[in-house]
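Written out below as structure tokens is the structure these notes cover.
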Amino acid sequence: MSRDPAQPILRFKSARLGFDRPVLGPLTLDVPIGSRWALTGPNGIGKSLLLKALTGQARVHHGHLELAPQARISLLAQDHPRRQPWPLSGHDWFRAMGAHPPEQARVRALMDRRLDRLSGGQWQLLRLAAALASHAARPPAQRLVLLDEPANHLDAEVRHDAIELIISLPGGTTLLMTSHDDDFLEAAGVERHPLTEYIHAG
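Per full-length UniProt numbering: the sequence shown = residues 1 to 202.
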């Protein structure tokens, strides 16, 4: 898969998305390879639902979803509750995610810690780092990273580190995220795309 700016890594064509029934759409959207987009809009409009359709957790009831054949998806879900107790370490989490070991100092400092003893912000940072590092051995143009509200739960201690992780994502990698945090998006250099611009009458 070459990095052709005109070639989409994913395409929705008049798609209606939902679980048991369609609740979003019709939606027509092309995301070019190597773009860094944030889908914005009010709660309940369907931003997270769109990401779930890409991972197979939600259905395309009508219309079409086309993914580039060699695309490999990494996902940061909006929430991942931790079991108590949960005696796994950061190393265990990265292995489970198929992610390469982190380079950022603050993330490396968390790798030997038990997951159930991390703060909420540290846990979110570790999850974000693992999602961004998944499929890292693949050519960037084959990677599609989905982040659902990555700024959630980040405290002041780790917020800058999370932004640095996103900025350092290799060029050519496609990033598609949802967020209500405009300051976070601006600092991370992500383009805002209101989801309503891609929903049409049908």
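Glycine included, C-beta positions come from ideal geometry on N, C-alpha and C.
Quick caveat: nothing in here was measured; it's all calculated off a predicted structure.
Item checked: For GLY63 and GLY25, believed in contact at Cβ under 8 Å, the rounded distance -> 7 Å
Next item on the list: Assess, as a yes-or-no matter, whether the stretch 147-155 is touched by the stretch 62-79 under the definition of 3 or more beta carbon pairs within less than 8 Å.
Entry: yes
Item checked: Alpha carbon of HIS91 to alpha carbon of GLN104, nearest angstrom -> 14 Å
Item checked: Integer Cβ distance of ARG29 from TYR198, believed to fall under 8 Å -> One detail in the question is off: residue 29 reads as Leu in this sequence, not Arg. Yes, they are in contact, since the Cβ atoms of LEU29 and TYR198 sit about 4 Å apart, within 8 Å.
Item checked: Helix, strand or coil at TRP86 [DSSP, three-state] -> coil
Notebook entry, point to check: Does the Cβ-Cβ distance between VAL190 and ARG36 come in under 8 Å?
Noted result: yes
Notebook entry, point to check: Can the beta-carbon of ARG59 be found closer than 8 Å to that of HIS135?
Noted result: no
Note to self: If the criterion is Cβ atoms closer than 8 Å, does the pair ALA130 and TRP93 meet it?
What the structure shows: yes
Notebook entry, point to check: Are the beta-carbon atoms belonging to ASP116 and GLN84 less than 8 Å from one another?
Noted result: yes
Check: For ASP183, which residues of its own chain have a beta-carbon under 7 Å away from its beta-carbon, when the five flanking residues on both sides are left out?
Finding: none
Check: With burial defined as no fewer than 16 other Cβ atoms inside 10 Å of the residue's Cβ, what is the status of PRO69: buried or exposed?
Finding: exposed
Check: Does DSSP put PHE12 in a helix, in a strand, or in coil?
Finding: strand
Notebook entry, point to check: Just to confirm, are GLY34 and GLY120 a CB contact at a threshold of 8 Å?
Noted result: no
Next item on the list: Report whether the distance from the Cβ of VAL190 to the nearest heavy atom of the ligand MG is below 7 Å.
Entry: This structure lacks the ligand MG; in fact it carries no ligand of any kind.
Check: Mapping DSSP to helix, strand and coil, what is THR196?
Finding: helix
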